[in-house]
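Participant: So that we are looking at the same thing, I have put the structure below in structure tokens.
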Amino acid sequence: MSERQNAQIREVFDTQQVWKGFCKLAPISMFVVVFGAAFGLAAAQQGLSDASTVAMSALVFAGYAQFAALDMWGAQVPLFTLLATVFAINARHLLMGATLYPWLSSMSVRKRYGVMTVVSDANWAMSLQHYQNGQSGLGVLFGGGLALWLFWVVGTWLGVAFGSGISGGSATMERFGLDMVVGCFLLAMAFGGEQRLREWLIWLVAGVVSLLVWGVLEANSYVVAGAVAGGLFNVLLHERKSQQTEAKP
Amino acid sequence: MMIETTGNSLIWLMLAMALVTLATRWGGVYVMSMVPIGPRGQRFIEGMSGSVLIALLAPMAVKGDVGAQCGLLATALAMLACRKPMVAITAGVCAAAVARQVFV
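Line by line, the protein sequences are chains V and R.
Last residue of the first sequence: 1303 (this note's numbering), numbering continuous.
Last residue of the second sequence: 619 (this note's numbering), numbering continuous.
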């Protein structure tokens, strides 16, 4: 996205935009219901009570982190290991907040953090795509986030309420390809924006770096490494370009 | 430090998980509002925005199982063919499911 586009975007953030965003993310949220149900099911199998499972989905609202927490669940859990794991898996939110900041900075502080409370992979990717196509993305971010949150909680509830007859939470999910929902969504968003050679080069750098780091360093640090590499590469591209323009008479 | 997963300590545990997650949701914006951003910083963020997506996806595509690979491939092809995200995602999920039935 260029500076020219940024200046042209008129920020609209009202109830109508939020509702539009809600409706836009509602179809993908159907998949989120199934994802949530799988979590509810898996949590019940780990011995979590129904109420606390639904409460966890409502309060934490972070699917991968919640599944990871279940992995170490028992009568007792290691507090710091658990919290460190949750932080590592959710560290990508930090990058999401930073990438949206140019647009969030036009909002009041209260609204800014209110909107970010429901940020998740899907609504972040879609709002970024809106900006890349020169539209306002805050309605999608907040309304879409509300949709994702609602369907995540409803799905979890369905899982704990009606899951007793079904066995094998995450294995069932994988058999039906449902663990791929978020990945496929993110890929669809990446292809939905405008791509030029510049973006492809940045993506190449980000992809290669994340692959190099994957499995070598701590869990999930590959996301941060790849993203930072892509950012630095974009800075370098610009410096080289401006040097070339200066060299011309 | 081990903590019980019953009664009050369970409530505290979940609140702690929620707070850590919220800190990640708010932290990026907070840091950005504290640090003044010049044109370089802006370009860094611009480059980073798409890179987060790719950095998440690349290991999934390369190191994932055959189901994950077929799912992503189908999504990409469907997206190039019709540009409709929901169609592409559905195609991806179905492809992953079919691939796992066939190859596993």
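Positions of the beta carbon are idealized from the N, C-alpha and C atoms, including for glycine.
Hey, is W527 (chain R)'s beta-carbon within less than 7 Å of any beta-carbon in chain V?
Facilitator: Output row for W527 (chain R): interface = no.
Participant: Alpha carbon to alpha carbon, how far is F1093 (chain V) from K1099 (chain V)? Give it in angstroms, no decimals.
Facilitator: Sequence check: residue 1099 (chain V) is Gln here, not Lys. Approximately 10 Å between the Cα atoms of the pair.
Participant: Going by Cα to Cα distance, which pick from R:R615, R:G562, R:L592, R:Q584 is closest to R1250 (chain V)?
Facilitator: Checked all of R:R615, R:G562, R:L592, R:Q584; the closest Cα to R1250 (chain V) is R:G562.
Participant: If you measure from the beta carbon of K1295 (chain V) to each beta carbon in chain R, is any gap under 7 Å?
Facilitator: Chain R contact via Cβ: absent.
Participant: For V544 (chain R), return the contacting residues in chain V, with the cut-off set at a CB-CB distance below 8 Å.
Facilitator: Simply G1151, A1152, L1154, Y1155, L1158, R1166, Y1167, M1170.
Participant: Take Q584 (chain R) and list the residues in its own chain whose beta-carbon comes closer than 8 Å to its own, dropping the five residues that flank it on each side.
Facilitator: Excluding residues within five positions, the ones whose Cβ falls inside 8 Å are A576, A614.
Participant: Suppose you measure from the CA of V581 (chain R) to the CA of F618 (chain R); what does that come to, to the nearest Å?
Facilitator: For V581 (chain R) and F618 (chain R), the distance between alpha carbons rounds to 8 Å.
Participant: Taking CB distances under 7 Å as the criterion, tell me whether G562 (chain R) reaches chain V.
Facilitator: Yes, G562 (chain R) counts as interfacial toward chain V.
Participant: What residues match up with V1131 (chain V) in a beta bridge as DSSP calls it?
Facilitator: Per DSSP, R:I518.
Participant: Can you look up S564 (chain R) in the DSSP assignment and give me helix, strand or coil?
Facilitator: In the structure shown, S564 (chain R) sits in a helix (DSSP, three-state: H, G or I).
Participant: Report the option in V:A1122, V:V1172, V:F1076 whose CA atom is closest to the CA atom of R540 (chain R).
Facilitator: Nearest C-alpha to R540 (chain R): V:V1172.
Participant: When you measure from the CB of M1150 (chain V) to every non-hydrogen atom of the ligand GTP, does any distance come out below 6 Å?
Facilitator: Ligands displayed in this structure: none; no statement on the ligand GTP is therefore possible.
Participant: Can you list, in chain order, the stretches of the alpha helix (DSSP H) that have 4 or more residues and sit fully within the region 1186 to 1260 of chain V?
Facilitator: If we require 4 residues or more, the alpha helix (DSSP H) runs fully inside the region 1186 to 1260 of chain V come out as 1192 to 1216, 1223 to 1229, 1235 to 1246.
Participant: How about T536 (chain R) and A1116 (chain V): do their beta carbons lie closer than 7 Å?
Facilitator: In this structure, A1116 (chain V) lies closer than 7 Å to T536 (chain R) by Cβ.
Participant: Could you compute how far the alpha carbon of F1076 (chain V) sits from the alpha carbon of A1179 (chain V)?
Facilitator: The straight-line gap from Cα to Cα measures roughly 14 Å.
Participant: Contact check, I1082 (chain V) vs A1176 (chain V) under 8 Å by CB: the rounded distance?
Facilitator: About 6 Å; that satisfies the 8 Å criterion.
Participant: Kindly indicate which residue of V:A1281, V:N1288, V:Q1298 has the alpha-carbon position closest to the one of G1151 (chain V).
Facilitator: Nearest of V:A1281, V:N1288, V:Q1298 to G1151 (chain V), Cα basis: V:A1281.
Participant: Go ahead and label E1228 (chain V) buried or exposed: buried means 16 or more other beta carbons lie within 10 angstroms of its beta carbon, across all protein chains shown.
Facilitator: The residue in question, E1228 (chain V), is buried, as its Cβ has 16 or more Cβ neighbours within 10 Å.
Participant: G582 (chain R) touches chain V at which residues, Cβ-Cβ below 8 Å?
Facilitator: Those within 8 Å of G582 (chain R) in chain V are E1228, G1231, M1234.
Participant: Within 7 Å of any Cβ in chain V, is that where the Cβ of A573 (chain R) sits?
Facilitator: Output row for A573 (chain R): interface = yes.
Participant: Taking W1206 (chain V) and V1108 (chain V) to be in contact with their CB atoms under 8 Å, please state how far apart those CB atoms are, rounded to whole angstroms.
Facilitator: Going by Cβ atoms, the distance from W1206 (chain V) to V1108 (chain V) rounds to 10 Å, so no, they are not a contact pair.
Participant: Using the Cα positions of Q616 (chain R) and K578 (chain R), report the straight-line distance between them to the nearest angstrom.
Facilitator: Going from the Cα of Q616 (chain R) to the Cα of K578 (chain R) covers about 19 Å.
Participant: Is there at least one Cβ from chain V nearer than 7 Å to V617 (chain R)'s Cβ?
Facilitator: Not closer than 7 Å to any Cβ of chain V, the Cβ of V617 (chain R) fails to qualify, so no.
Participant: Could you run through the region 1073 to 1090 of chain V and flag, in chain order, every residue whose CB is less than 8 Å away from some CB of chain R?
Facilitator: From the region 1073 to 1090 of chain V, only P1081, I1082, F1085 have a Cβ closer than 8 Å to chain R.
Participant: Can you look up L551 (chain R) in the DSSP assignment and give me helix, strand or coil?
Facilitator: A small correction: the amino acid at residue 551 (chain R) is Pro; Leu does not occupy that position in the sequence shown. Coil, per DSSP.
Participant: Is W527 (chain R) helix, strand or coil when you go by DSSP?
Facilitator: If DSSP states are grouped into helix, strand and coil, W527 (chain R) belongs with the helices.
Participant: From the beta carbon of F1239 (chain V), is the nearest beta carbon of chain R less than 7 Å away?
Facilitator: Taking Cβ atoms only, chain R reaches closer than 7 Å to F1239 (chain V), which makes this a yes.
Participant: Considering only their Cβ atoms, is the gap separating I518 (chain R) from L528 (chain R) smaller than 7 Å?
Facilitator: Closer than 7 Å, so yes.
Participant: Please report whether the beta-carbon of S566 (chain R) lies at a distance below 7 Å from any beta-carbon of chain V.
Facilitator: Yes, because at least one Cβ of chain V sits closer than 7 Å to the Cβ of S566 (chain R).
Participant: For C506 (chain R), go through chain V and note every residue whose CB falls closer than 7 Å to its CB, in chain order.
Facilitator: Shown here, chain R extends from 516 to 619; a query on residue 506 (chain R) therefore has no answer.
Participant: Output, in chain order, the set of chain R residues within a Cβ distance shorter than 7 Å of N1288 (chain V).
Facilitator: Those within 7 Å of N1288 (chain V) in chain R are R558, F559, E561, G562.
Participant: Give the DSSP-derived three-state secondary structure of K1165 (chain V) in the structure shown.
Facilitator: It is helical.
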